Structures are given as C-alpha cells and as structure tokens.
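Colleague: Residue numbers (the numbering used here): 1378 to 1917.
Cβ atoms here follow ideal geometry from the backbone N, Cα and C, with glycine treated the same way.
Every value quoted in this text rests on a predicted model; they were computed, and no experiment measured them.
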Amino acid sequence: MDFHFSKENQVLCSIHPTDTSYRSATILTHYLEKITKLNFSLESNEKLLNQVIFKTSNQYGHNGFAYYTAQSTDHTELIFESENEQAFVYAVYDLLERLVGCRYFTPDVDFIPAYPNLSIALDHYSYVPPIEYREIYYKAFENKAFAEKHKAAQSKVHEGWGFWCHSFQDLLPSSKYFNEHPEYFALLNGERHPQGEPCLSNPEVQKIMIENLKKFMDEKPECRYWSVSQNDDNNYCQCEHCKKIDDYDESPMGSVLNFVNHVADTYPDKVISTLSYWYTRKPPKHTRPTKNVHIMTCNIEANRGLPIAIDPTSKESKEELEFWASISQNVSLWDYNIQFRNLVSPFPNLRTLAPNMQFFVKNNVKLLFSQCNREIGGEWSDLRGYLLAKLAWDPYCDVNAHLEDFCKGYYQEGAPFILEYIKTIHDAQEKHNHRLDIFGNPEDAKKTFLTKKLFKYYVELFDKAKASVAYDEDLLLRVQVAALPIDYAGIYLKYGTPKQQLERIARFAKVARKCQLHMVEEWKITVDQFVTDALSQLDL
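Printed below as a string of structure tokens:
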C-alpha cells in the first residue's frame, strides 16, 4: 500500500505522537521537511487523509519495532509500534533509510534526498535485533544522534549501564572498609590485602555489596545493565570458604558466579553482567548463570584475518564463547576490530566482520561491545564503524552492498579507486592467509599485503582517487584521510627514496592536522612523535 506524505507542494499527512513517541515524531517531521521543503506540524489537531500514528507495543522486545500501513474508513495510516521512546526513534530512522533513501555516513556527512512528491510503498515491516545492546567504540558514536541513526548505544558513556566493568571496587571500597574489617578482603599467602578482591563467600560482604548496589541503582533508575565484576587484578580470595567453592567448580569463577547469581536473584528486573577475564577465564565446572546474568567474555587473542569460527589459531576464543553459549542464553562479548599498536596502519579485516558477527549471534551474544579506536580517526574509522553498526543490528545484512553504498556516497568519484584498493589488499591478505594481530605492525605484512609492488599500486589508486575529487575541498580531504594508512605504512617500512619519504612524512603530518588525528598508537605515540622519529631516521 502506498502512503503519501506530500504531492504537488502540498502536505498530505498529519502526524500524531504520544508522549512516548514525541521525540521520534519530531525527528520524522524534521527529515520530511528537509526532503520535501514543506512544513509539517506536530501542533495541529487537523487530521488529513493520511495520518502517522504511534502505538506502544511490547511485542518487539526492548529495541525492536514495526511499521506498517493500514486503511481506515476515511483515511490511510502509517503506524509505528514499539515498546519505548528509544525504539520509536530507531524505527523512524530505519524507515527513512530503508524506504526513503537517507544515509548517515558520519556525524557531519549524510545524504538527504529531495522529493517534492514523497510517498512510500509499504505493507508491514518488523524487526527485533538478535543483539539487544550494541556499542561501537569509535569517536563518531559518542555523538548520540549519530549513534541513534545506526540504532547503536551512545559510545563511551555506555548508554543504559550503571556500572560498565571492574565494579567490585565501587561496591566494597577498601578505603572505607579495610581498616575495621580486613576480613572483608582477599586472603593471600595468609594475609588480608586491601588491594585484593572481596571475600565473596563472606555473608556480610555479600550483604554490604548488594545494599551498596541498591544505592547506585536508586541514583540511576533508568539504567538496565549493571556490571558486578572483578577488579582489574589477579588478587582473588583464597580463604578456606572461597577456595572450597572454587575447587568445586575447578575455577575461581566459581565464587564470583555464585555471588553474581545471588545479586541477580535480588534484582530480577535488571541485567547483571560479570566478566570472564583474567583469573575467571576458565568457566566453572558446575555453577551456571541465572536467567538475568550475562557473562562478558573477550576474544583479545583471536586472529582477525580469518573468521573466528574456522580459524585454528583462534581455537581458544572460539571454544570459550561456545562453552558459555552452551550453558547460558545471555552472553556478552568484548570484541576487538583494529590494530591498537598501529592505529593508522592497513588492517584488512573488513571481510571477517560479517562471519564473526554471525558466529557471535549463533552463540547467544546479546550484548556487544565492539572496541575500536578511542582516539579520533584511525584506519577506516568511518567505514569500519559504519559496517560494524550495520552488522550489529543485522548480522546477515548484505555487508558488501553497505560497503559500496558508503564508498559511493562518501567518496563519490573517488569510490571506484578506493573500492579497488579495498579489494586488492584484502585479496592479498587472503592469498597469504596472513594473520591479523591486533597488536601487530606493518613489518609483519612486508611479504604479504604490503609488498613494494602492491604498495606502488596502492599509491597509484589513491593518487587517482585524489585527482578525481580535487574539485571539492571536503571530498579531497576524505580521500586524503583514507590514504593515510598507505602513507603510514610507507613511512614505517621506509619505502622509496629519501626525497619520497620526506614528501610522504610532510603529507602525512599535514593531513593528520587537518583531520585532527592525534595518536598513531593507543595511549602512547602521538602523530608529532611519529613524525619527529621518522624525520630523524632520514638519510638526506
């Protein structure tokens, strides 16, 4: 059924929000006005022949939705259904993207089509994402509006979470309790330690931590997710009672999970997350997480050059996730998708994003934290973030279509050359079955996807891409930023003559300043340090 928003410079629909859907209705109105150049009003009581209606429904989970058309006796309705305000917002952005053609490339770059006569063909569409919490840890997703457009949580603030991780120190701070009650803390080598974990078998400790958690929950009633998890150390309690629990489960996860289950039973309306990390990586033999407990595991060791499900070198990460999936319907995952020691270096992992996301969903991953670059920029920060968001929402989407769509919309005339670069470097990585280590460097790839011959071809492709968009300063900068990884690799590997290196270093520094790139290694090496070091090694 066709639903008409406008025709012949006339508004044909009225929009009727509820309190829960007012924000989403405002967003819809804003975009309709940009698309049609007409004025749509939420304040009018006038009911036109076509009406947009919002209905609250609990059929679609926490952030799923439906939208569909219906014919009434005297008018046509476009109906949005969801459980809450956030899901209504997701539904509106989804319709605008799927049926109208809007695109949201970055927080500053989108595509809004112009349709004086705007109508959509729609019967019924509904979707419930298999991953209920999706956070893409790139700077762009710190922008709430941009994150919402991609139906993802606002990054960095960990939207919807009261505690994110390592919360034992908040629930039982040693500065408050240790002096009077050292028995509340870990027994190690016969002594209680203020920097140790809580003694989780102690009933008084359990009571205090649960009461303290309640206070935090009261301060943030809107938060659904609460991490009740170990501190970032290895100092777990080895007293007689804790050890008995851990021996029974053949893992220190035993005492942790027993306590976390108790917390979850106390707060059945909350999602309680805990870490499978460091000393709790080995799953417990007997204890099982309760219904509202999510186990957050991580796959830091996994090879990013092959899908985790079929890569022999990622066996540990694969089996750990599969084990938790075998005993719990609710698994959380801390995933890693970039090269952290060389943030700007080529890291051709785009082809493994989809099979990995599908593997995660098959293994009951309901909460996903996709760790990328905490800094501004980095290799393919815009493109990779875009693809990760699409896959986190729908792991079986056509990721290649999204990749082409992004490149054609964002790089425009430069897209054919950039798509050829992406294809070539990924083909080379696959041909050599090159392991992609998140702590690797360009030197590792000198004989695979960063050979001198391939490097020369990459440079030629980006030169053509730059020339194709030289007429537009903004487009040119986007292509120059996309080319930074090749300049970075060339500097790192000392490819070319000293004169070529000097030009490459100067170009890298100039583009980095323009795009506000600050770090080339997480936490450690700045662009200025990298450039200074590269210049010092030139033999001019």
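Could you give the residue range of the alpha helix (DSSP H) that holds Gln1448?
Modeller: It is not in any alpha helix (DSSP H) - Gln1448 instead sits in the beta strand (DSSP E) that spans Phe1442 to Gln1448.
Colleague: Would you kindly work out how many angstroms separate the C-alpha atoms of Val1477 and Gly1791, rounded to a whole number?
Modeller: So the two alpha carbons sit approximately 25 Å from each other.
Colleague: Please state whether DSSP places His1618 in a helix, a strand or coil.
Modeller: Three-state DSSP puts His1618 in a helix.
Colleague: Can Ile1815 and Arg1601 be called in contact, C-beta distance under 8 Å?
Modeller: No.
Colleague: When the Cα of Asn1520 is compared with those of Thr1483, Asn1556, Arg1511 and Asn1589, which residue comes out closest?
Modeller: Ranking Thr1483, Asn1556, Arg1511 and Asn1589 by Cα distance to Asn1520 puts Thr1483 first.
Colleague: Which residues does DSSP list as the beta-bridge partners of Leu1710?
Modeller: Thr1674 and Leu1745.
Colleague: Run the CB neighbour count on Arg1665, radius 10 Å, all protein chains shown included, and call it buried at 16 or more, exposed below.
Modeller: So Arg1665 counts as exposed.
Colleague: For His1501, name the three-state secondary structure that DSSP assigns.
Modeller: Of the three classes helix, strand and coil, the one that applies to His1501 here is strand, per DSSP.
Colleague: Got a sec, what are the start and stop residues for the alpha helix (DSSP H) Gln1583 sits in?
Modeller: Run containing Gln1583: Pro1580 to Glu1596, per the alpha helix (DSSP H) assignment.
Colleague: Run through DSSP, which three-state label would Ile1753 get?
Modeller: Coil.
Colleague: Taking the continuous beta strand (DSSP E) assigned at Val1648, which residues delimit it?
Modeller: Start and end: Val1648 to Leu1652.
Colleague: How would you call Lys1516, buried or exposed, if buried means at least 16 neighbouring beta carbons within 10 angstroms?
Modeller: Counting Cβ neighbours within 10 Å, Lys1516 comes out buried, since at least 16 surround it.
Colleague: Would you call the stretch 1744-1756 in contact with the stretch 1894-1913, where contact means no fewer than 3 C-beta pairs closer than 8 Å?
Modeller: Output reads yes: the stretch 1894-1913 touches the stretch 1744-1756.
Colleague: The alpha helix (DSSP H) spanning Gln1906 covers which residue range?
Modeller: Looking at the DSSP string, the run of the alpha helix (DSSP H) that includes Gln1906 is Val1904 to Ser1913.
Colleague: State yes or no: is the C-beta of Gln1448 within less than 8 Å of the C-beta of His1393?
Modeller: Going by C-beta atoms, Gln1448 is not nearer than 8 Å to His1393.
Colleague: With a Cβ-Cβ cutoff of 8 Å, do Tyr1561 and Tyr1502 count as a contact?
Modeller: No. Outside cutoff.
Colleague: Do we get a CB-CB distance below 8 Å when we pair His1663 with the residues of chain B?
Modeller: Given the protein chain composition of this structure (a single chain), no chain B is represented.
Colleague: Output needed for Lys1533: all residues of its chain with C-beta closer than 6 Å, excluding positions within five of it in sequence on either side, in chain order.
Modeller: These residues qualify, in order along the chain: Glu1519.
Colleague: So what does DSSP say about Cys1923, is it helix, strand or coil?
Modeller: The structure shown has nothing for residue 1923, since the chain only spans 1378 to 1917.
Colleague: Which residue from Asp1851, Phe1832 and Val1856 puts its Cα closest to that of Lys1843?
Modeller: Out of Asp1851, Phe1832 and Val1856, Val1856 has the C-alpha closest to the C-alpha of Lys1843.
Colleague: For a test of the three-state rule: what should DSSP assign to His1639, helix, strand or coil?
Modeller: Here His1639 sits in helix by DSSP.
Colleague: Is it true that the CB of Phe1636 sits closer than 8 Å to the CB of Leu1577?
Modeller: Taking 8 Å as the Cβ cut-off, Leu1577 and Phe1636 qualify as a contacting pair.
Colleague: Whole angstroms is fine: what's the gap from Ile1799's alpha carbon to Tyr1481's?
Modeller: The alpha-carbon atoms of Ile1799 and Tyr1481 are separated by roughly 21 Å.
Colleague: By how many angstroms is the C-alpha of Lys1432 removed from the C-alpha of Gly1786?
Modeller: About 34 Å.
Colleague: Taking only the alpha-carbon atoms, compute the straight-line gap between Phe1382 and Asp1485 and give it to the nearest angstrom.
Modeller: Taking the straight line from one Cα to the other gives about 27 Å.
Colleague: When every heavy atom of the ligand SAH is checked, does at least one fall within less than 7 Å of the C-beta of Leu1455?
Modeller: Judged by which ligands are present, the structure shown has none, so any question about the ligand SAH falls away.
Colleague: Just checking my contact of Asn1435 with Pro1506 at CB under 8 Å: how many whole Å lie between their CB atoms?
Modeller: That pair is no contact at about 16 Å.
Colleague: Under 8 Å by Cβ, that's how I've got Trp1711 and Phe1737 pegged, so tell me the actual separation to the nearest angstrom.
Modeller: Not confirmed; about 11 Å, so no contact.
Colleague: Going straight from the alpha carbon of Leu1373 to that of Ala1805, what length do you get?
Modeller: Residue 1373 is absent from the structure shown; the chain starts at 1378 and stops at 1917.
Colleague: Measure how close the beta-carbons of Ile1404 and Ala1491 come, nearest whole angstrom, since I'm counting them as under 8 Å.
Modeller: About 18 Å separates the two Cβ atoms, so there is no contact after all.
Colleague: Within this structure, are the beta carbons of Gly1796 and Leu1727 separated by less than 8 Å?
Modeller: Residue identity differs from the one stated: residue 1796 is Leu in this sequence, not Gly. Not closer than 8 Å, so no.
Colleague: With a Cβ-Cβ cutoff of 8 Å, do Phe1885 and Leu1861 count as a contact?
Modeller: It is a contact, given that the beta carbons lie within the stated cut-off.
Colleague: Name the DSSP bridge partner or partners of Phe1465?
Modeller: Its beta-bridge partners do not exist; DSSP assigns none.
Colleague: Can you give me the start and stop residues for the beta strand (DSSP E) that Gln1428 sits inside?
Modeller: Per DSSP, Gln1428 belongs to the beta strand (DSSP E) from Asn1427 to Thr1433.
Colleague: Tell me Arg1569's beta-bridge partners as DSSP assigns them.
Modeller: According to DSSP, which records beta bridges pairwise, Arg1569 is partnered with Leu1564.
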